[in-house]
Structure formats: C-alpha cells, structure tokens
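Below is one structure, written out as structure tokens; the observations come after it.
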Amino acid sequence: EDYFHWMEDHAAQVDDLYERLAFISPESAGDGELVGTNFERKYRREGRPFNAMILRKRS
Numbered sequence: 006e007d008y009f010h011w012m013e014d015h016a017a018q019v020d021d022l023y024e025r026l027a028f029i030s031p032e033s034a035g036d037g038e039l040v041g042t043n044f045e046r047k048y049r050r051e052g053r054p055f056n057a058m059i060l061r062k063r064s
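Numbering of the sequence shown is given in my numbering, commencing with residue 6 and proceeding in unit increments.
Shown next as structure tokens:
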C-alpha cells in the first residue's frame, strides 16, 4: 500500500504530462476484482491490497 501511495504522489508530480483516468475493470474480472489475474487473486487471498492506475500521456 505504501508503494501505491508513492506511485500516486509521483504521478501527481507529472500531471502536466499525464492524465490520470478512472480505472474500469475488464469484463473478465470477477466481482470485487480489478483485473481478474491469478496474481491479483493470490494477493487478495493473502489479505494484501491490490491497486490499479491508468495514466494517459497528454497531447
């Protein structure tokens, strides 16, 4: 979780270059999942948070 906060802080520092978009889970993700990968499921079983972020380069 600290790592994701670090990423959010650094993404905010370059918001003139990148736009943060809302993360929309793909249809393949199950209920309560972000992306539905085995990696995410393993993290969730272990009680670890799983985060996602989309940054799009500004024109």
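Note that the Cβ used here is the ideal one computed from N, Cα and C, for glycine as well.
{"Query": "What is the rounded straight-line gap between the Cα of Glu24 and the Cα of Arg46?", "Result": "28 angstroms"}
{"Query": "Let me check understanding here. Comparing Cα to Cα, which of Lys62, Arg63, Ala57, Ser64 lies closest to Glu13?", "Result": "Ala57"}
{"Query": "Near Arg63, what residues of its chain come up, given a Cβ to Cβ distance below 8 angstroms and the 5 sequence neighbours on each side ignored?", "Result": "Asp21, Leu22, Tyr23, Glu24"}
{"Query": "Let me know the secondary structure DSSP gives Glu24 once reduced to three states.", "Result": "strand"}
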